[in-house]
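The opening position of the sequence shown corresponds to residue 3 in this note's numbering, with each subsequent residue numbered one higher.
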Amino acid sequence: NVIEGDPSLSGDFKIKMKFNVLGEDLDTEAHEKMLSLVVNANPKSLWKNIASAEGKDEDWKVANYWKEDNTNDFQPIGDKHIVVASKRGRSHANVGSFRDDDYAFKHFEENGWSIVCVADGAGSAKLARQGSKIACDAVIEYFSDHLNEEKLRGFDQILFDYHHQIGEDAQKKISHFVYNNLSKAAQFAHYNIEEFATKTESPLKDFHSTLIFALFKKYDFGYAILTFGVGDCPIGLLSKDLTDIKLMNWLDVGEFGGGTRFITMPEIFTSEKFSTRFGFTLIEDFSYLMLMTDGIYDAKFVVEANLEKLENWKTFVEDFKGNNEDGVGVTFESDNEKIADQLSAWMDFWSPGNHDDRTLAVIF
Numbered sequence: 003n004v005i006e007g008d009p010s011l012s013g014d015f016k017i018k019m020k021f022n023v024l025g026e027d028l029d030t031e032a033h034e035k036m037l038s039l040v041v042n043a044n045p046k047s048l049w050k051n052i053a054s055a056e057g058k059d060e061d062w063k064v065a066n067y068w069k070e071d072n073t074n075d076f077q078p079i080g081d082k083h084i085v086v087a088s089k090r091g092r093s094h095a096n097v098g099s100f101r102d103d104d105y106a107f108k109h110f111e112e113n114g115w116s117i118v119c120v121a122d123g124a125g126s127a128k129l130a131r132q133g134s135k136i137a138c139d140a141v142i143e144y145f146s147d148h149l150n151e152e153k154l155r156g157f158d159q160i161l162f163d164y165h166h167q168i169g170e171d172a173q174k175k176i177s178h179f180v181y182n183n184l185s186k187a188a189q190f191a192h193y194n195i196e197e198f199a200t201k202t203e204s205p206l207k208d209f210h211s212t213l214i215f216a217l218f219k220k221y222d223f224g225y226a227i228l229t230f231g232v233g234d235c236p237i238g239l240l241s242k243d244l245t246d247i248k249l250m251n252w253l254d255v256g257e258f259g260g261g262t263r264f265i266t267m268p269e270i271f272t273s274e275k276f277s278t279r280f281g282f283t284l285i286e287d288f289s290y291l292m293l294m295t296d297g298i299y300d301a302k303f304v305v306e307a308n309l310e311k312l313e314n315w316k317t318f319v320e321d322f323k324g325n326n327e328d329g330v331g332v333t334f335e336s337d338n339e340k341i342a343d344q345l346s347a348w349m350d351f352w353s354p355g356n357h358d359d360r361t362l363a364v365i366f
């Protein structure tokens, strides 16, 4: 049992309790029992929340690649909506350091495509916060410049043929389109970080960041969803009726944390596994498309194998709805003006040992 309050002392205390047993004579000598009382600080109260730019001016912020400690957004994205929040981890807040995660998204009204990307700057890289930002910005820039009508009309026809099972090579053409376009976006992100590192005379490894992104569009026959991922951040797609989960990427994970790969590593582009970093699916509709960093994944799914299990995603959705120890939930309705703040509040959940930055983008 726990009693909460503001004691003046902490430690282990012994309390002597004297008592009589029901039914004993009133003049019976009292029994004695020593009880232990442990007074500990609530571990949640020990964490400080020091602003990363406390007392700093705008020039300092620019020179140090500062970003908001916590940020969120809620917008329509095509015929769906996106809510996203990115929060500085307690481990960073405790010492007043920066949020390393980042995200970006954009809908292209002229062709119906939408792009969402999330990046997790490596905690061991001193400029990771800038690496993750450059990576996300680069993906948006690439697709803003290269989703031209001629190229997309050809892909629209390929998807039509694929859905209606016309021809024998539609799947091969889809794979070629996905690889050709998404790989160039990933390479563009790498080159932009590399260029910035050279310009600032900084080692490329100082900008280490993971990167995941999803490109999607609604057709008459369903949603085409194209993905890319490097690092340990998952992309999950839940069917409309929550009866199926599709993990759209595989994670770079290692037994001792050394398996993580970053978009800054040139060897990922020449690896024989590079072609497996791309995903594609055509689905009639979906309830949630989620992109998250490991600050969410580690705490809520623990290990990669759990991402493949539908019951874990159902539990995750119930957690969203407020079925958690804090009773904090998110109402996923398009007219909920407080949804971004609700998601941000939900992301304050306590998970022992998991105090990394947390970023989660949900398309619904």
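Note that CB positions come from ideal geometry on N, CA and C, so glycine has one too.
Problem - Range covered by the alpha helix (DSSP H) that runs through histidine 192 - result: Within the sequence shown, the letter at position 190 stands for residue 192. Histidine 192 -> alpha helix (DSSP H) spans 172–201.
Exercise for the section: Would you mind stating whether isoleucine 227 and glycine 238 have Cβ atoms separated by less than 8 angstroms? Expected result: Stepping through the sequence shown from its first residue, residue 227 is reached at position 225. Stepping through the sequence shown from its first residue, residue 238 is reached at position 236. For the 8 angstroms CB-CB criterion, isoleucine 227 and glycine 238 do not form a contact.
Problem - alpha helix (DSSP H) segment containing histidine 165, residue limits - result: Residue mapping note: residue 165 aligns to position 163 of the sequence shown, counting from 1. Note, histidine 165: alpha helix (DSSP H), 151–165.
Practice task
Look at the Cβ atom of serine 211, then the Cβ atom of alanine 130, and state whether they are nearer than 8 angstroms.
Solution key: Stepping through the sequence shown from its first residue, residue 211 is reached at position 209. Stepping through the sequence shown from its first residue, residue 130 is reached at position 128. For serine 211 and alanine 130, yes; Cβs fall inside 8 angstroms.
Problem - Residues that isoleucine 265 bridges to, as DSSP identifies them - result: The sequence position of residue 265 within the sequence shown is 263, counting from 1. The partner list for isoleucine 265 (beta bridge, DSSP) is empty, contrary to what the question assumes.
Exercise for the section: Determine contact between the region 229–245 and the region 291–303, defined as no fewer than three beta-carbon pairs at a distance below 8 angstroms. Expected result: yes
Handout entry: N- and C-terminal bounds of the alpha helix (DSSP H) containing tyrosine 67
Key = Position 65 of the sequence shown, counted from the start, is the residue given in the question as residue 67. That residue, tyrosine 67, is in no alpha helix (DSSP H); it is neither H nor E in DSSP.
Handout entry: Rounded separation between tryptophan 49 and alanine 187 - CA only
Key = Here residue 49 refers to the residue found at position 47 when the sequence shown is read from its first residue. Here residue 187 refers to the residue found at position 185 when the sequence shown is read from its first residue. Computed Cα separation, rounded: 39 angstroms.
Exercise for the section: Determine the contact status of threonine 73 and serine 93, defining contact as a CB-CB distance below 8 angstroms. Expected result: By 1-based counting over the sequence shown, the position of residue 73 is 71. By 1-based counting over the sequence shown, the position of residue 93 is 91. The criterion of a C-beta distance shorter than 8 angstroms is not satisfied by threonine 73 and serine 93.
Exercise for the section: Mind the definition here: the region 112–127 touches the region 195–213 only if three or more C-beta pairs lie below 8 angstroms; say whether that holds. Expected result: yes
Practice task
Using DSSP bridges, identify the partner residues of leucine 39.
Solution key: Here the question's residue 39 lines up with position 37 in the sequence shown. Beta-bridge pairing links leucine 39 to Phe15.
Practice task
Determine, using beta carbons only, whether alanine 363 and isoleucine 84 come nearer to each other than 8 angstroms.
Solution key: Locating residue 363 in the sequence shown gives position 361, counting from the first residue. Locating residue 84 in the sequence shown gives position 82, counting from the first residue. Yes, they are a contact pair.
Exercise for the section: Assign tryptophan 348 to one of three DSSP states: helix, strand, or coil. Expected result: What you label residue 348 is simply residue 346 of the sequence shown in a count that begins at 1. Residue state, collapsed to three classes: helix.
Problem - Under the three-state DSSP convention, the category isoleucine 270 falls into - result: What you label residue 270 is simply residue 268 of the sequence shown in a count that begins at 1. In the structure shown, isoleucine 270 sits in a helix (DSSP, three-state: H, G or I).
Practice task
Keeping to the same chain, check which residues put their C-beta closer than 6 angstroms to that of lysine 82; ignore five residues upstream and five downstream.
Solution key: Here residue 82 corresponds to residue number 80 of the sequence shown, with the count starting at 1. The residues are Ile365.
Exercise for the section: Take glycine 259 and list the residues in its own chain whose beta-carbon comes closer than 7 angstroms to its own, dropping the five residues that flank it on each side. Expected result: Residue numbering aside, residue 259 sits at position 257 when the sequence shown is read from its first letter. The pLDDT assigned to glycine 259 is 48, lower than 50, so where the model puts this residue is not dependable; a value taken from the coordinates is nonetheless given after this. Beyond the five residues adjoining it in sequence on each side, glycine 259 comes within less than 7 angstroms, by CB distance, of no other residue in the same chain.
Problem - Proximity below 8 angstroms, CB of lysine 368 to CB of alanine 127 - result: Since the displayed the chain opens at 3 and closes at 366, residue 368 lies outside it and no answer follows.
Practice task
Report all residues from its chain with a CB closer than 6 angstroms to the CB of leucine 284; omit the five preceding and five following residues, and keep chain order.
Solution key: If you number the sequence shown from 1, residue 284 lands on position 282. Within the same chain, leucine 284 has close Cβ partners Gly224, Ala226.
Problem - phenylalanine 231 versus Leu217, Trp68, Leu244, Leu240, residue with shortest Cα-Cα distance - result: Translated into positions along the sequence shown, residue 231 becomes position 229. The residue you asked about is not phenylalanine; residue 231 is glycine in the sequence shown. The shortest C-alpha separation from glycine 231 is found at Leu217.
Practice task
Drop a sphere of 10 angstroms on the beta-carbon of asparagine 22, count the other beta-carbons inside from all chains shown, and report buried for 16 or more, exposed for fewer.
Solution key: Taking the sequence shown and counting its residues from 1, one reaches residue 22 at position 20. Exposed, because fewer than 16 other Cβ atoms sit within 10 Å of the Cβ of asparagine 22.
Problem - Beta-ladder partner(s) of asparagine 314, from DSSP - result: Here residue 314 is taken as the residue at index 312 of the sequence shown, counted from 1. According to DSSP, asparagine 314 bridges with nothing at all.
Problem - Assigned exposure category for tyrosine 299 - 16 Cβ within 10 Å defines buried - result: Locating residue 299 in the sequence shown gives position 297, counting from the first residue. Buried, since its Cβ has 16 or more Cβ neighbours within 10 Å.
Handout entry: glutamate 339 versus leucine 345 - alpha carbon distance
Key = The count along the sequence shown starts at 1 and reaches residue 339 at position 337. The count along the sequence shown starts at 1 and reaches residue 345 at position 343. Taking the straight line joining both Cα atoms gives about 12 angstroms.
Practice task
Kindly confirm or deny that the region 91–108 and the region 269–278 touch, where touching means at least three C-beta pairs closer than 8 angstroms.
Solution key: Flag = no, the region 91–108 and the region 269–278 do not touch.
Handout entry: Cβ distance (whole Å) where phenylalanine 367 is taken to contact valine 332 below 8 angstroms
Key = Any question about residue 367 goes unanswered here, given that the chain covers just 3 to 366.
Practice task
Buried or exposed for lysine 16, please, with buried defined as at least 16 other CB atoms from any protein chain shown within 10 angstroms of its CB.
Solution key: Your numbering for residue 16 matches position 14 in the sequence shown. Exposed, because fewer than 16 other Cβ atoms sit within 10 Å of the Cβ of lysine 16.
Handout entry: Between the CA atoms of lysine 108 and isoleucine 117 - distance to the nearest angstrom
Key = Locating residue 117 in the sequence shown gives position 115, counting from the first residue. Locating residue 108 in the sequence shown gives position 106, counting from the first residue. Rounded to whole angstroms, isoleucine 117 to lysine 108 spans 5 angstroms at the Cα level.
Handout entry: Contacting residues, own chain, Cβ-Cβ under 8 angstroms from proline 9 (five flanking each side not counted)
Key = Against the sequence shown, residue 9 aligns to sequence position 7. Scanning its chain for C-beta atoms nearer than 8 angstroms, with the 5 sequence neighbours on each side dropped, one finds around proline 9 the residues Val41, in chain order.
Handout entry: Helix, strand or coil at cysteine 235 according to DSSP, with G and I counted as helix
Key = Within the sequence shown, numbered from 1, the residue matching residue 235 stands at position 233. In this structure, cysteine 235 counts as coil in the three-state DSSP scheme.
Handout entry: valine 216, enclosing beta strand (DSSP E) - first and last residue
Key = Mapped onto the sequence shown, residue 216 falls at position 214. Here residue 216 turns out to be alanine, not valine, going by the sequence shown. For alanine 216, the enclosing beta strand (DSSP E) begins and ends at 213–221.
Exercise for the section: To the nearest angstrom, report how far apart alanine 140 and aspartate 358 are at their CA atoms. Expected result: Numbered from its first residue, the sequence shown carries residue 140 at position 138. Numbered from its first residue, the sequence shown carries residue 358 at position 356. Whole-angstrom Cα-Cα distance: 24 angstroms.
Handout entry: Nearest-angstrom Cα separation, counted from aspartate 147 out to leucine 154
Key = The sequence position of residue 154 within the sequence shown is 152, counting from 1. The sequence position of residue 147 within the sequence shown is 145, counting from 1. Taking the straight line joining both Cα atoms gives about 13 angstroms.
Problem - Beta-carbon spacing of aspartate 163, alanine 172 below 8 angstroms - result: The count along the sequence shown starts at 1 and reaches residue 163 at position 161. The count along the sequence shown starts at 1 and reaches residue 172 at position 170. Yes, Cβ-Cβ distance for aspartate 163 and alanine 172 is below 8 angstroms.
Handout entry: Nearest to leucine 11 (by Cα), restricted to the options Leu39, Glu26, Glu34
Key = Your numbering for residue 11 matches position 9 in the sequence shown. The residue with the shortest Cα to Cα distance from leucine 11 is Leu39.
Handout entry: Buried/exposed call for valine 304, threshold 16 Cβ in 10 Å
Key = Sequence index remark: in the sequence shown, residue 304 carries index 302 (1-based). The residue in question, valine 304, is exposed, as its Cβ has fewer than 16 Cβ neighbours within 10 Å.
Practice task
Answer with buried or exposed for leucine 378, where buried requires no fewer than 16 other C-beta atoms within 10 angstroms of its C-beta.
Solution key: Since the first residue of the chain shown is 3 and the last is 366, residue 378 is not available in this structure.
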